[in-house]
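Chemist: Once you've had a glance at the structure underneath, I'll fire off some questions.
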Amino acid sequence: MKRIIAAFLLSTLMMSAAVAADLPRLRVGYVPEPAHGLYFVAKEKGYFKEEGVDVELFQFGSAAEGMAALKAEKLDVGTFGTTAPLLFISKGSDFTFFGGMMIGGQAIVARPDRLAELSGKNLKVFKGKKIGLVKLSTGDVIFKGALKKAGIDWKKDITFVELGSATAVVEAIKKGAVDAGLLWPPHFSLAEKNSGLKVAHYLEEFYPKYTCCRIIAPTAKLNADKETYRRFLAAMIRAYRFYKTNPDETVRIYTKSLKIDEDIVRNETYVKKVAESNPDPLRKGILDFWKHIREAGYIPQDYPIDKHINTDIYKQALDSVIKKNPKDKVYQQMLSFYKKND
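Just so we're aligned, residue 1475 is where the sequence shown starts under the numbering used here, counting upward by one.
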């Protein structure tokens, strides 16, 4: 009997491997942030294979490393912020935005004794302050965009201190070398937990629903195999629904897959809702980000960036999922969000 069971299990594994081998394959790169956990939900719940695509995930330590791998054709999909793809595209790399992963997620962090002077909803409290940041991080671009929208001349009224890493920003805050600093997940949570610092503000308070990590692909590959990428996004859309309706299991999957403290994952994802995992391309958000990055002087020349945004594949994926579940509230909300933001 044991031999029969063993033979059955072996046969099942071989059949599963054969099915995976027959599916179109996508090599997908990401960085270890809580909001990137949708990939692991889609993989663990079997959504990728159910939609007909075999996905292999690769973790990178930085957006620069990931973009280099994408450019070298070692990846088929990348999730490396918004800044890095825009820089590469503006310098001639042919990539296309076709989905999203993270909305929001940046925080202004300070020592506890500095919180009072930074409180309130008016960005004028930052006039005359030194703010530490990592150049070209999402927080850098979005905070400067928020200041400009508020009528503040940040080039004149605020001193930005560029530092080499999130760790360097934390150290500068602790030592008093800067009044506050801009950090992203999970670094601001780690700064609170390990360094006694506090979040003074989340940038969402000043700039709602801004784009962070986008999903991109080499344009030639995307155009040559739109159906595979549509299947990929259909799985991500289903993963988003799971994330919205199953918080406890989502936290477990994120924690296990990303090796991040469970309390941090739960707090950022569901308690404070610092960032939202969302596969929508957020076309309008990308165009706003492009405007801000140019206004900051990081990309001097104009460029037809809209030609590098494809929202059709996402819409087709969303339509295919809705067709099977026409009354599902989450999918209907995603459709409304798409109509507003794309």
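Note that beta-carbon positions come from the ideal geometry of N, C-alpha and C, so glycine has one too.
#1: What residue range does the alpha helix (DSSP H) around VAL1443 cover?
#2: By Cβ distance, which residues of its chain are closer than 6 angstroms to THR1556, with the 5 residues on each side in sequence left out?
#3: Between ALA1654 and ILE1605, is the Cβ-Cβ spacing less than 9 angstroms?
#4: Taking all protein chains shown into account, decide if ARG1588 is buried (16 or more other Cβ within 10 angstroms of its Cβ) or exposed.
#5: Name the two residues that bound the continuous beta strand (DSSP E) containing VAL1529.
#6: Which residues does DSSP list as the beta-bridge partners of VAL1635?
#7: Measure the beta-carbon distance from PRO1659 to PRO1508 and round it to whole angstroms, keeping in mind my assumption that it falls under 8 angstroms.
#8: Residues in the same chain with beta-carbon distance under 8 angstroms from LEU1607, minus the five sequence neighbours each way, listed in chain order, please.
#9: Measure the beta-carbon distance from PHE1716 to VAL1551 and round it to whole angstroms, keeping in mind my assumption that it falls under 8 angstroms.
#10: Here's the rule I'm using: 16 or more other beta-carbon atoms within 10 Å means buried, otherwise exposed. How should THR1570 be labelled?
#11: From GLY1625 to ALA1770, what distance separates their C-alpha atoms?
#12: Which of the three DSSP states is assigned to GLY1613 in this structure?
#13: By how many angstroms is the C-alpha of ALA1698 removed from the C-alpha of HIS1675?
#14: Under 9 angstroms, do PHE1554 and PHE1572 count as touching if we go by C-beta distance?
#15: Looking only at C-alpha atoms, which of ILE1582, LEU1597, ALA1691 and GLY1670 sits nearest to ALA1542?
#16: Give the secondary structure of SER1536 by DSSP, where H, G and I count as helix, E and B as strand, and everything else as coil.
#17: Considering GLY1573, what are the terminal residues of the beta strand (DSSP E) in which it resides?
#18: Which whole-angstrom value describes the C-beta separation of LYS1667 and ALA1584, a residue pair presumed to lie in contact below a C-beta threshold of 8 angstroms?
#19: Taking one C-beta from the stretch 1557-1566 and one from the stretch 1721-1734 each time, how about it: are there three or more such pairs within less than 8 angstroms?
#20: Return the CA-CA distance between VAL1804 and LYS1718, expressed in angstroms with no decimal places.
#21: Evaluate ASN1596 with the Cβ neighbour count: other Cβ atoms within 10 Å of its Cβ, from every protein chain shown; 16 or more gives buried, anything less gives exposed.
#22: If we require 3 or more residues per run, which beta strand (DSSP E) segments fall completely within the stretch 1692-1780?
#23: Given LYS1598, which residues of its chain have a CB within under 8 angstroms of its CB, disregarding the five upstream and five downstream residues?
#24: What would DSSP say about ILE1626, mapped onto helix, strand or coil?
#25: Between the beta-carbon of VAL1739 and the beta-carbon of GLU1678, is there less than 9 angstroms?
#26: Would the C-beta of THR1724 count as close to the ligand NAD, meaning under 8 angstroms from any of its heavy atoms?
#27: If you check the beta carbons only, do GLU1530 and ARG1499 fall under 9 angstroms apart?
#28: Hey, how far is the Cα of ALA1480 from the Cα of ASP1528?
#29: For GLN1790 and LEU1809, I'd like the C-alpha separation in whole angstroms.
#30: Looking at the unbroken alpha helix (DSSP H) that takes in ILE1787, where does it start and where does it end?
#31: Residue range of the beta strand (DSSP E) that ALA1674 falls in?
Modeler: Walking through what the data contain:
#1: No answer is possible for residue 1443: it lies beyond the span of the chain, which begins at 1475 and ends at 1816.
#2: Cβ within range, chain order: THR1685, ARG1688 and PHE1763.
#3: The beta carbons of ALA1654 and ILE1605 sit closer together than 9 angstroms.
#4: Buried, by the Cβ-count rule.
#5: From DSSP, the beta strand (DSSP E) with VAL1529 extends over 1528-1533.
#6: Under the DSSP definition of a beta bridge, VAL1635 partners with GLY1606.
#7: In this structure PRO1659 is in contact with PRO1508, their Cβ atoms being roughly 5 angstroms apart against a cut-off of 8 angstroms.
#8: The answer, listed in chain order, is GLY1613, ASP1614, PHE1617, PHE1634, VAL1635, GLU1636, LEU1637, VAL1643, GLY1655 and LEU1656.
#9: That pair is no contact at about 20 angstroms.
#10: Within 10 angstroms of the beta-carbon of THR1570 lie 16 or more other beta-carbons, which makes it buried.
#11: Between GLY1625 and ALA1770, the C-alpha separation is close to 14 angstroms.
#12: The DSSP-derived three-state label of GLY1613 is helix.
#13: Near 44 angstroms, if we compare the C-alpha coordinates of ALA1698 and HIS1675.
#14: Contact check for PHE1554 against PHE1572 fails: the beta carbons are separated by 9 angstroms or more.
#15: That would be ALA1691, whose Cα lies nearest to the Cα of ALA1542.
#16: Looking at SER1536 - three-state DSSP - the assignment turns out to be coil, as it is neither helix nor strand.
#17: Where GLY1573 is concerned, the enclosing beta strand (DSSP E) starts and stops at 1569-1574.
#18: By a beta-carbon distance limit of 8 angstroms, LYS1667 does not contact ALA1584. Their separation comes to about 16 angstroms.
#19: With the cut-off at 8 angstroms, the stretch 1557-1566 and the stretch 1721-1734 do not touch.
#20: Whole-angstrom Cα-Cα distance: 8 angstroms.
#21: ASN1596 is exposed by the Cβ-count criterion.
#22: If we require 3 residues or more, the beta strand (DSSP E) runs fully inside the stretch 1692-1780 come out as 1749-1751.
#23: ALA1624 and ILE1626.
#24: The answer is coil: DSSP assigns ILE1626 none of H, G, I, E or B.
#25: Contact flag unset, no.
#26: You won't find the ligand NAD in this model; it holds no ligand whatsoever.
#27: It is a contact, given that the beta carbons lie within the stated cut-off.
#28: Any answer about ALA1480 is weak, because its pLDDT of 43 lies below 50 and its placement is not dependable; what the coordinates show is given next. Near 26 angstroms, if we compare the C-alpha coordinates of ASP1528 and ALA1480.
#29: For GLN1790 and LEU1809, the distance between alpha carbons rounds to 11 angstroms.
#30: Judged by DSSP secondary structure, ILE1787 falls within the alpha helix (DSSP H) whose first and last residues are 1786-1798.
#31: Residues 1672-1676.
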